[in-house]
Amino acid sequence: MDKDSNKATFIFSSFMVVVIAILLSVTAISLAPYQEKNVRVEKMKNILSSVSIPTETSETEAAFNQYISKQIVLNNKGEQITGNVTAFDIDLKKELDKAKTGKTNEQLFPLFICTKDGKSFYIIPIRGKGLWGPIWGFISLESDKNTVYGVSFGHKSETPGLGAEIETEKFQQQFVGKKIFDDSGNFVSVTVIKGGAKPDDTHGVDAVSGATITSKGVSEMIKRTVNNYIPYFKKQGVVASTN
Amino acid sequence: MSKETIAVPAKPKKEKEPLFSPKNKRLLFDPLNDNNPITVQVLGICSALAVTVKMKPSIVMALAVMVVCAFSNVIISFIRNIIPNRIRIIVQLTVVAAMVIIVDQFLKAFVFDVSKQLSVFVGLIITNCIIMGRLEAFAMSNKPWPSFLDGMGNGFGYGLILVIVSMIRELFGSGELMGFRVIPESIYKMGYFNNSLVIMPPMALIIVGILIWIQRSRNKKLIESK
Amino acid sequence: MEHFNIFIKAVFIENMIFAYFLGMCSYLAISKTVKSAVGLGLAVTFVLTISVPVCYLLEKYVLKAGALQWLSDDYKSVDLSFLSFIMFIATIASIVQLVEMIVEKFAPALYTSLGIFLPLIAVNCSILGGALFMQEREYASLGEATVFALGSGVGWFLAIVALAAIREKLRYSNVPAPLRGLGITFILTGLMAIAFMSFMGISI
Numbered sequence: 001m002d003k004d005s006n007k008a009t010f011i012f013s014s015f016m017v018v019v020i021a022i023l024l025s026v027t028a029i030s031l032a033p034y035q036e037k038n039v040r041v042e043k044m045k046n047i048l049s050s051v052s053i054p055t056e057t058s059e060t061e062a063a064f065n066q067y068i069s070k071q072i073v074l075n076n077k078g079e080q081i082t083g084n085v086t087a088f089d090i091d092l093k094k095e096l097d098k099a100k101t102g103k104t105n106e107q108l109f110p111l112f113i114c115t116k117d118g119k120s121f122y123i124i125p126i127r128g129k130g131l132w133g134p135i136w137g138f139i140s141l142e143s144d145k146n147t148v149y150g151v152s153f154g155h156k157s158e159t160p161g162l163g164a165e166i167e168t169e170k171f172q173q174q175f176v177g178k179k180i181f182d183d184s185g186n187f188v189s190v191t192v193i194k195g196g197a198k199p200d201d202t203h204g205v206d207a208v209s210g211a212t213i214t215s216k217g218v219s220e221m222i223k224r225t226v227n228n229y230i231p232y233f234k235k236q237g238v239v240a241s242t243n
Numbered sequence: 001m002s003k004e005t006i007a008v009p010a011k012p013k014k015e016k017e018p019l020f021s022p023k024n025k026r027l028l029f030d031p032l033n034d035n036n037p038i039t040v041q042v043l044g045i046c047s048a049l050a051v052t053v054k055m056k057p058s059i060v061m062a063l064a065v066m067v068v069c070a071f072s073n074v075i076i077s078f079i080r081n082i083i084p085n086r087i088r089i090i091v092q093l094t095v096v097a098a099m100v101i102i103v104d105q106f107l108k109a110f111v112f113d114v115s116k117q118l119s120v121f122v123g124l125i126i127t128n129c130i131i132m133g134r135l136e137a138f139a140m141s142n143k144p145w146p147s148f149l150d151g152m153g154n155g156f157g158y159g160l161i162l163v164i165v166s167m168i169r170e171l172f173g174s175g176e177l178m179g180f181r182v183i184p185e186s187i188y189k190m191g192y193f194n195n196s197l198v199i200m201p202p203m204a205l206i207i208v209g210i211l212i213w214i215q216r217s218r219n220k221k222l223i224e225s226k
Numbered sequence: 001m002e003h004f005n006i007f008i009k010a011v012f013i014e015n016m017i018f019a020y021f022l023g024m025c026s027y028l029a030i031s032k033t034v035k036s037a038v039g040l041g042l043a044v045t046f047v048l049t050i051s052v053p054v055c056y057l058l059e060k061y062v063l064k065a066g067a068l069q070w071l072s073d074d075y076k077s078v079d080l081s082f083l084s085f086i087m088f089i090a091t092i093a094s095i096v097q098l099v100e101m102i103v104e105k106f107a108p109a110l111y112t113s114l115g116i117f118l119p120l121i122a123v124n125c126s127i128l129g130g131a132l133f134m135q136e137r138e139y140a141s142l143g144e145a146t147v148f149a150l151g152s153g154v155g156w157f158l159a160i161v162a163l164a165a166i167r168e169k170l171r172y173s174n175v176p177a178p179l180r181g182l183g184i185t186f187i188l189t190g191l192m193a194i195a196f197m198s199f200m201g202i203s204i
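Residue numbers (UniProt numbering), protein chains in the order written: chain X, 1 to 243; chain U, 1 to 226; chain P, 1 to 204.
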C-alpha cells in the first residue's frame, strides 16, 4: 500500500493516537500516587520547618503526625468550623481569591496546632505575591499568640540571589521572637524594612538588599493573611504583653 | 549553519558493521566539539539558558534532553518507512511531546524538588530545535542504532554546554557547586561578594558568547566569514 | 488597569527573549536584516495572540483538574493536566496551519510578507512558552490571558527588530574573528537584556 495515500495516512494517525493515548494514560495513572505524595510531604515539611523541626523526606509523614496535634478550620469571623473539611486539604489560594469576589463569609482558614516539648504553637499558612510570581509559607506563633516562633517561606520564581533569599535560614531566622501585636493589643504584624530594622524594633526585620518588591511582598503577605486569624486569637485571649 | 553536518551516506552499507565503528563513534563524539548543537549549530538555546543558574537543575535538564532526544530518534527511525510524508512534522512533534510528558511525569514523581525548579522548561523541550532538527535531519533517513547514538551525542553536547555555563554561574553567583559551598567563608570576610549579576539572565547569554569565542579561537575552521 | 499592568510586564519586564530566552533559535537565525525581523516578529505576535487564548479555554474547560464538570458531575474528579503539553503543541501546530490558510485566502499581501515564517513558528519556543506560562501563572480571565499573549508577542517583536537593527550596523565594525557572527550576537543580546533589566520591579 502506498504510505502517502489518504487511507494509509488516516490509519497511521488513528493508530498513533491510540498508542500514545494509552502510553501516556498508563504512565500518568501509575505515577500519580508518587506525585501526590510528593506534594503532601512537601507541604508537611514546610509546616514542620516553621516550628524548627527539620525532617528527612522519608520521615516527614511520621513526624507530622507526631507533632501536629490538632488541625482546625476557621471562618472569617474567627469561629471554628466543624465539618468534613480538614485543614490540611484546604487550598489557601482559593480561599484568599474568594475575597476578590466579595465572598468573604465563605472563606475558610486552616490553622495547625503543634505540640512540641509540652508547649503548643499555632501555625498559620500564608500566601502572597512577590516580584515574579506567588510567594507562600508558614508562620508559627508561640502559645501567647503574639511571639513569632519561626517562619518558612517558599516562592515560585523569585530572582535567585535576590528575591529568592527569602528562602534562606539567614532571612527567616530574623523573624524569631518578633511580636505581631503592639503593647496595646492592636495587630501590627511583622514588617520587612528596607535599609534595615532598628535593633530594638520588635515588629521589623531587615529586608533582602536589592529585592525591594519581594521584601514588600513578604510584609504584605504576613499582614494580609495573618489578619484573618486575629478574630480567633482575640477570642482565645491574646496575651498582649510587653516583653 | 549547516555547513558542518555529518556526512552520513543515505543508505548504510549492507554488511554488518561493529556497534562502535569509527563512523558510529563520530556520531557520538562530534557533537561535543566540532558540531556542538549549541555553539555551532545554534539550536535549542531557548530552553537551555534559563535553567543554568544552578548545576543540579541543569544536569537534570541535560539528562532529560538526552533521553528525549535519543529515544524519539529511535522511535522515529523505527517507523521512518511508514510515516506518511504529509503528516511527518506533526508525527515527529507528537512523538517528542509524548516522550516529554513521560519524562516530566517521572521527574515529578521521583525528583520533585528539581522538577519544581525546572517548571515550564521541561515542557519546552518539545520545541527544542535540537530534537526536531535531529529527527528531521538524521532519524528520518538512518537506522535505529546510529540514530540512537546521534541522539545521545547531540543531547550530550547540549548538556555539556549547559553544565559548563551553570558551573560558572553557580560558582561566581552563589559561591557553591552542586549546592556545596566552595568559596570558603574566610574569603567572604575579606570582603568578597557573590556576583549577583552572574545569576541574572543576561549573563547566561554573555557566557555562551564567550564560550563560542574560546571554542572558535581554538578551532579556526568554525570561524564565520564576514 | 490590571490588564495594562500585565501588558507592560509582558513587554518589558518579563520579556520572552531577555528574561526567559524563549524563541532564541529563530531569533538568532532571522535577525540578520530588519525586514525579515519585522516579518517574523509580526508573525510571532499574531500567532501568540491567537493561540494562547485558545489554549486558555482548553485549559479551563478540558484539561484542568475538575475542568470537565460542565459536562456532567460524574467527571468532577477527572484531571487531564498531564496531557497539556501534547494538547498545547497540537493546538499551536493546527492554529499555525489554519492561520496560514486564512491569511493566504483573505490577505494575500500579508501572506507574501509573513508567508515563509509562518510554518517555522509552530516550533518556536515562545509560542509554547506563552501557553505554558499562561497555565503556570493561572491568569484569572480570558482577557488577561489575551493581553499577556499580545504583550509577549510585542516584546518579542521589539527584541528581534532591535537586534536586527544593531546587526545591520555591526557589519561595518571590526569584530574579532572568532567572535564574528554568532558569538557577538549572544553578547549583544546579553547587553540588551541588561538594559531591559532596569525595567524590573516597575508596577503600574
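C-beta atoms are modelled at their ideal positions from N, C-alpha and C, and glycine is treated no differently.
Open item on the list: Would you say M24(P) lies against chain X (beta-carbon separation less than 9 Å)?
Closed with: In the third sequence, counting from the first residue as 1, residue 24(P) sits at position 24. So no, M24(P) is outside the interface.
Task: Cβ-based neighbour list, G41(P), same chain, cut-off 7 Å, excluding 5 preceding and 5 following - done: By 1-based counting over the third sequence, the position of residue 41(P) is 41. W156, F157, I160 and V161.
Task: Separation of F88(P) from A97(U), as counted between CA atoms - done: Along the second sequence, read from residue 1 onward, the residue named residue 97(U) stands at position 97. Along the third sequence, read from residue 1 onward, the residue named residue 88(P) stands at position 88. Approximately 10 Å, taken between the alpha carbons.
Task: Bridge-paired residues (DSSP) for P110(X) - done: By 1-based counting over the first sequence, the position of residue 110(X) is 110. In DSSP, P110(X) forms a bridge with V73(X).
- [ ] Within 10 angstroms of the Cβ of P176(P), are there 16 or more other Cβ atoms? Answer buried if so, exposed if not.
- [x] Position 176 of the third sequence, counted from the start, is the residue given in the question as residue 176(P). So P176(P) ends up on the exposed side.
TODO: Closer than 7 Å by beta-carbon distance: list the chain U residues that pair up with N93(P), in chain order.
DONE: Position 93 of the third sequence, counted from the first residue, corresponds to residue 93(P). The sequence given here has Ala at residue 93(P), not Asn. Within chain U, the residues whose beta carbon sits less than 7 Å from that of A93(P) are I90 and L93, listed in sequence order.
- [ ] Under 7 Å Cβ to Cβ from K14(U), same chain only, skipping five residues before and after it: list those, please.
- [x] In the second sequence, the residue the question calls residue 14(U) occupies position 14. Since pLDDT at K14(U) reaches only 45, below the 50 mark, its modelled position is unreliable, and no value is offered.
Task: Min CB distance A197(X) to chain P below 9 Å - done: Position 197 of the first sequence, counted from the first residue, corresponds to residue 197(X). Not an interface residue.
Task: Contact between the region 52–59 of chain P and the region 31–39 of chain P (3+ Cβ pairs under 8 Å) - done: no
TODO: Compare the C-alpha of I161(U) against each of N85(U), N24(U), K25(U) and I45(U) and name the closest.
DONE: Locating residue 161(U) in the second sequence gives position 161, where the first residue counts as 1. The candidate whose alpha carbon is nearest that of I161(U) is I45(U).
TODO: Answer with buried or exposed for Y61(P), where buried requires no fewer than 16 other C-beta atoms within 10 angstroms of its C-beta.
DONE: Counting from one through the third sequence, the residue named residue 61(P) turns up at place 61. Exposed, since its Cβ has fewer than 16 Cβ neighbours within 10 Å.
Task: Option nearest G177(X) by Cα separation, candidates G163(X), L141(X) and D117(X) - done: Translated into positions along the first sequence, residue 177(X) becomes position 177. Cα-wise, what sits closest to G177(X) is L141(X).
Task: Whole-angstrom distance between G153(P) and N118(P), CA atom to CA atom - done: As a first step, residue 118(P) is located in the third sequence; it is residue number 118 there, counting from the start. As a first step, residue 153(P) is located in the third sequence; it is residue number 153 there, counting from the start. Reading the sequence as shown, one finds Leu at residue 118(P) and not Asn. If you take the alpha carbons of L118(P) and G153(P), they lie about 14 Å apart.
Task: Assigned exposure category for A7(U) - 16 Cβ within 10 Å defines buried - done: As a first step, residue 7(U) must be located in the second sequence, where it is residue number 7. Caution is warranted here: a pLDDT of 44 is assigned to A7(U), below 50, making its placement in the model unreliable, and no coordinate value can be reported.
Open item on the list: Against chain X, does S119(U) count as a neighbour if the rule is that its beta carbon must be under 9 Å from one of theirs?
Closed with: The sequence position of residue 119(U) within the second sequence is 119, counting from 1. So, interface residue.
Task: Of the listed residues S31(P), V103(P) and F46(P), nearest to G130(P) (C-alpha basis) - done: As a working mapping, residue 130(P) is identified with position 130 in the third sequence. The residue with the shortest Cα to Cα distance from G130(P) is F46(P).
Task: Partners in chain P for residue 287(X), counting only beta-carbon separations shorter than 7 Å - done: Given that chain X is displayed from residue 1 to residue 243, the structure contains no residue 287(X) and the question cannot be resolved.
- [ ] Check whether the region 130–142 of chain U touches the region 70–90 of chain U, taking contact to mean three or more Cβ pairs, one atom from each stretch, closer than 8 Å.
- [x] yes
- [ ] Flag this pair as touching only if the region 215–222 of chain U and the region 183–194 of chain U have three or more C-beta atom pairs under 8 Å; answer yes or no.
- [x] no
Task: Every unbroken alpha helix (DSSP H) inside the region 125–183 of chain P [4 residues or more] - done: For the region 125–183 of chain P, whole alpha helix (DSSP H) runs of length 4 or above, ordered along the chain, are 125–137 and 142–170.
Task: Residue-chain proximity (M200(P), chain X), Cβ-Cβ < 9 Å - done: Counted from its first residue, the third sequence places residue 200(P) at position 200. So, interface residue.
Open item on the list: Cβ closer than 8 Å: which chain U residues qualify as neighbours of Q173(X)?
Closed with: Position 173 of the first sequence, counted from the first residue, corresponds to residue 173(X). Per Cβ cutoff of 8 Å: no residues; Q173(X) is ~17 Å from chain U at best.
TODO: Decide yes or no for the touch test of the region 86–106 of chain X against the region 169–185 of chain X: beta carbon pairs closer than 8 Å, at least 3 of them.
DONE: no
Task: Y232(X) - containing alpha helix (DSSP H), residue span - done: Along the first sequence, read from residue 1 onward, the residue named residue 232(X) stands at position 232. That run of the alpha helix (DSSP H) goes I230 to Q236.
Task: Closest Cα partner of A204(U) within the set A65(P), M24(P) and K105(P) - done: If you number the second sequence from 1, residue 204(U) lands on position 204. The option with the nearest alpha carbon to A204(U) is M24(P).
TODO: Enumerate in chain order the residues of its own chain whose CB-to-CB distance from T115(X) is below 6 Å, with the five nearest sequence positions on each side excluded.
DONE: Indexing the first sequence from 1 puts residue 115(X) at position 115. Contacts found: S69.
Task: CB contact below 9 Å: A65(P) versus chain A - done: Absent here is chain A; the protein component of the structure consists of chains X, U and P.
- [ ] Compute the beta-carbon to beta-carbon distance between Y229(X) and L96(X), rounded to the nearest angstrom, for a pair I have assumed lies under 8 Å.
- [x] Taking the first sequence and counting its residues from 1, one reaches residue 229(X) at position 229. Taking the first sequence and counting its residues from 1, one reaches residue 96(X) at position 96. Between L96(X) and Y229(X) the Cβ distance is about 13 Å, and since that is not below 8 Å, they are no contact.
Open item on the list: Run through the DSSP bridge pairs and tell me what S120(X) is partnered with.
Closed with: Position 120 of the first sequence holds residue 120(X). The partner list for S120(X) (beta bridge, DSSP) reads T115(X).
Open item on the list: Contact defined as beta carbons within less than 8 Å: I believe I20(X) pairs with T94(U). What is the distance between those atoms, to the nearest angstrom?
Closed with: As a first step, residue 20(X) must be located in the first sequence, where it is residue number 20. As a first step, residue 94(U) must be located in the second sequence, where it is residue number 94. At roughly 6 Å, the Cβ-Cβ gap stays under 8 Å, so I20(X) and T94(U) are in contact.
Task: Beta-bridge partners of V151(X), as assigned by DSSP - done: On the first sequence, residue 151(X) is found 151 positions in, with the first residue counted as 1. I139(X).
- [ ] Note down, in chain order, every chain X residue with its Cβ under 8 Å from the Cβ of R137(P).
- [x] As a working note, residue 137(P) is residue 137 in the third sequence. Within 8 Å Cβ-Cβ: G133.
Open item on the list: Which of the three DSSP states is assigned to T191(X) in this structure?
Closed with: What you label residue 191(X) is simply residue 191 of the first sequence in a count that begins at 1. T191(X): strand per DSSP, three-state reduction.
Open item on the list: So, with DSSP's three-state summary, where would you put D89(X)?
Closed with: Indexing the first sequence from 1 puts residue 89(X) at position 89. Helix, per DSSP.
- [ ] Anything in chain X within Cβ reach of R86(U), meaning under 9 Å, just list it in chain order.
- [x] Counted from its first residue, the second sequence places residue 86(U) at position 86. Within chain X, the residues near R86(U) are D4 and T9.
- [ ] Kindly indicate which residue of T147(X), S152(X) and T214(X) has the alpha-carbon position closest to the one of V188(X).
- [x] Sequence index remark: in the first sequence, residue 188(X) carries index 188 (1-based). The candidate whose alpha carbon is nearest that of V188(X) is T147(X).
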